[in-house]
Amino acid sequence: MTDDAAPAARPAADPALARRVVVVAGGTGHVGGYVVRALLDAGARVVVPTRRPAGARGRGLPDHEHLVRVTVRDWEQPGEIAAALDDRGWVADAAVASLGGWWIGTPLVELDPLVWRQVLDDNLTAHFLAARALVPLVAAAGPDADPVHVALNGAAATEPMALSGPVSVAGAGQRMLLDVLRREEPGVRLHEVEVLAAVAGDDRNLDPVAEVGGTAVAAAVLGVLADPGSPAVAAVAGERA
Ligand SMILES: NC(=O)c1ccc[n+]([C@@H]2O[C@H](COP(=O)([O-])OP(=O)(O)OC[C@H]3O[C@@H](n4cnc5c(N)ncnc54)[C@H](OP(=O)(O)O)[C@@H]3O)[C@@H](O)[C@H]2O)c1
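All residue numbers for the sequence shown refer to the numbering used here, where the first residue is 75 and numbers rise by one.
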């Protein structure tokens, strides 16, 4: 099992990341929080859009001069993100979508359609709406800025998970979403970080077979943001829990 609880030495700013302004959709979540903290440690400026009202902090987001948290009322028209960037004179050149989350329940043939719609909304439509808003936003930074969009996904995207059918279906759809975007938006690097194990510390993962530390997942995301030669899909494996 991987242990993220031990205090780590504060890393030095990374020049390839310190120049970046990164919008982290889902930065309030379990995995997104690790990505936000690693980006701040690397010297990046970070914007976290959230549906939560001002004052709701999310899991462990730090107070930091380079972190802006902005409430988005409607992801179909998230004008608050551009407004927050304009307020600070920041130009976003990178986006991370750490959206969705785990669900386990019933076989598909017993699944309540309301649950199906909710899981697809959170795990697939949320990625579509984030890409719809953020891919053009980072493209506008121009080719010299190496605009990039990275989406987190899980093992269920490629492995059919019994009792988690809607998560598997959404994950497979999420991968095709990026494949189509790659054809349509050649000016933006589009990548997936596929997390093949439960992320340690998430109490929604009951008796996981394998675990990976959140810092390892964040390091994979930051590696993709920093390196234009990154693969389309970068997998992060775990260790037996
Ligand atoms: N946790 C794990 O063990 C694990 C393992 C493998 C892969 N992953 C992957 O990591 C990613 C994030 O998972 P997580 O466990 O960190 O999830 P999480 O803790 O539930 O956080 C997900 C975030 O997504 C946002 N969100 C959820 N539904 C949304 C919707 N309908 N519209 C807009 N935003 C929505 C929420 O932000 P607001 O409520 O602030 O708007 C929330 O903070 C997913 O792609 C997942 O597949 C996680």
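Backbone N, C-alpha and C fix where the C-beta goes; we use that ideal spot for every residue, glycine too. Only a predicted model underlies this, so the values are computations on that prediction, with no experimental measurement involved.
Query	Result
For ligand 1, I want to know if G228 counts as a neighbour, meaning its beta carbon is within less than 6 Å of at least one of the ligand's heavy atoms.	yes
Helix, strand or coil: how does DSSP classify M75 here?	Here M75 scores only 40 on pLDDT, less than 50, and its place in the model should not be relied on; the value that follows carries that caveat. If DSSP states are grouped into helix, strand and coil, M75 belongs with coil.
Could you tell me whether the Cβ atoms of H223 and A169 are closer together than 7 Å?	yes
Between the Cα of R126 and those of G101, A112 and H138, spot the shortest distance and give me the residue it belongs to.	G101
What I want to know is whether the C-beta of T124 ends up closer than 6 Å to one or more non-hydrogen atoms of ligand 1.	yes
To the nearest angstrom, how far is it from the Cα of H140 to the Cα of L91?	13 Å
Between L255 and A205, is the Cβ-Cβ spacing less than 7 Å?	yes
Mind listing, in chain order, the continuous beta strand (DSSP E) runs of no fewer than 3 residues lying wholly within the region 280-305?	284-286
At a Cβ threshold of 7 Å, is G297 touching chain D?	Looking at the structure shown, chain D is missing, and only one protein chain is on hand.
Considering only residues of the region 140-194, which uninterrupted beta strand (DSSP E) runs meet the minimum length of 3 residues and lie entirely inside it, listed in chain order?	141-145 and 168-171
Which class does A309 belong to by DSSP, given the choice of helix, strand or coil?	strand
Taking 6 Å as the limit between beta carbons, can you name the residues of its chain near W190, skipping five residues before and five after?	P240
Using a Cβ-Cβ cutoff of less than 7 Å, which residues in the same chain neighbour I178 once the five nearest sequence positions on both sides are dropped?	L237 and S238
Can you give me the C-alpha to C-alpha distance between G163 and G303, rounded to a whole angstrom?	29 Å
At a cut-off of 6 Å, is D196 close to ligand 1 when judged by its beta-carbon and the heavy atoms of the ligand?	yes
Taking 6 Å as the cut-off, is the beta-carbon of T102 closer than that to any non-hydrogen atom of ligand 1?	yes
Taking its Cβ as the centre, do 16 or more other Cβ atoms sit within 10 Å of E313, making it buried, or is it exposed?	exposed
Can you round the beta-carbon distance between V144 and P123 to whole angstroms, since I take them to be within the 8 Å contact cut?	5 Å
Please confirm whether any heavy atom of ligand 1 lies closer than 6 Å to the CB of S172.	yes
Check whether the region 181-198 touches the region 142-159, counting contact only when three or more Cβ pairs, one atom from each stretch, lie closer than 8 Å.	no
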